[in-house]
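The numbering of the sequence shown is this note's numbering, which starts it at 10 and goes up by one. Even glycine gets a Cβ: it sits at the ideal position worked out from N, Cα and C. Step one of this worksheet: look at the structure below.
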Amino acid sequence: MTEVKSILFVCMGNICRSPTAEAIFRQKAQQYQLDIKVDSAGTIAYHQGDLPDPRSVKAGEARGIDFSGIRARQVIEQDFVDFDLILAADAANMKDLVARCPKQYRHKLSMMLAYGDTNVKDLKNIKDVPDPYYGGGNGFDLVIDLLENSLTALAKLLQSNR
């Protein structure tokens, strides 16, 4: 992996999964002493300017995750230039990103869960971060479990590549 100085996390609306990933990775970057710009965005603009979903914040804050300063925004064309790594929450978001991303930047696209330990008992065979928006409250905890697993592995990988 080439040197990564910036990461963009992407889900559909940028109020549940991607802001949770942003908040978690900000902590991981600090924990692993990584100097990395971290942001999140959505493939749609429906929630533009909104705060993260209160259920995401509640689940995250219960685990010490800080969502300060995060507001929803839509992916813009400049993001493909500015970010070294762009991580999609699920296959549908990846499809949207691939359709919009200029060919010379497609190597920057990957999945949020591409880095985790797939042998973790409860997390086996999960490739996409499920959208908790219409589900019950425990869906937000699952999102955090999945992201903690993958983003810890990503932070360790980036630290070892310095």
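Sort out for me which residues DSSP pairs ALA50 with in a bridge. Residue pairing of ALA50 in beta bridges, as defined by DSSP: VAL19.
Return the Cβ separation of LEU122 and LYS136 in integer angstroms, given the expectation that the two are a contact with Cβ distance under 8 Å. Right, the Cβ-Cβ distance comes to about 6 Å (below 8 Å), so this counts as a contact.
Is the beta carbon of ALA81 closer than 7 Å to that of GLN42? For the 7 Å CB-CB criterion, GLN42 and ALA81 do not form a contact.
Contact test: PHE89 Cβ vs the ligand PLP heavy atom, cutoff 6 Å: Because no ligand of any kind appears in the structure shown, any question about the ligand PLP cannot be addressed here.
Answer yes if the segment 96-105 comes into contact with the segment 65-81, meaning at least three C-beta pairs across the two stretches below 8 Å, and no otherwise. Taking one beta carbon from each stretch, the segment 65-81 and the segment 96-105 have fewer than 3 pairs nearer than 8 Å; the two do not touch.
Given that a residue counts as buried once 16 or more other Cβ atoms are within 10 Å of its Cβ, and exposed if not, what is TYR124? Label assigned to TYR124: buried.
I'd like the list of long-range same chain contacts for TYR55, defined as Cβ closer than 8 Å, with 5 residues on each side in sequence excluded. Only GLY22 meet the Cβ criterion.
Presumed contact (8 Å Cβ cut-off) between LEU17 and SER49, rounded CB distance: Correct: roughly 7 Å between the Cβ atoms.
Which residue from PHE92, VAL90, ASP93, MET120 puts its Cα closest to that of LYS104? The shortest C-alpha separation from LYS104 is found at MET120.
Among the candidates VAL19, HIS116, PHE89, ILE85, whose CA atom is the shortest distance from the CA of THR11? Ranked by how close their Cα comes to the Cα of THR11, the residues VAL19, HIS116, PHE89, ILE85 have HIS116 in first place.
For MET120, report the span of its beta strand (DSSP E) as first-last. Here the beta strand (DSSP E) through MET120 covers 118-120.
Taking ALA164 as the reference, which of GLY148, THR29, CYS20, GLN40 has the closest Cα? The shortest CA-to-CA distance from ALA164 to any of GLY148, THR29, CYS20, GLN40 is the one to GLN40.
Short check: CB of PRO63 to CB of PRO28, under 7 Å? No, these two residues do not count as a Cβ contact at 7 Å.
Does DSSP put GLN42 in a helix, in a strand, or in coil? In the structure shown, GLN42 sits in coil (DSSP, three-state: anything other than H, G, I, E or B).
Could you tell me which whole beta strand (DSSP E) segments of length 3 or greater appear in the segment 77-102? Listed in chain order, they are 94-97.
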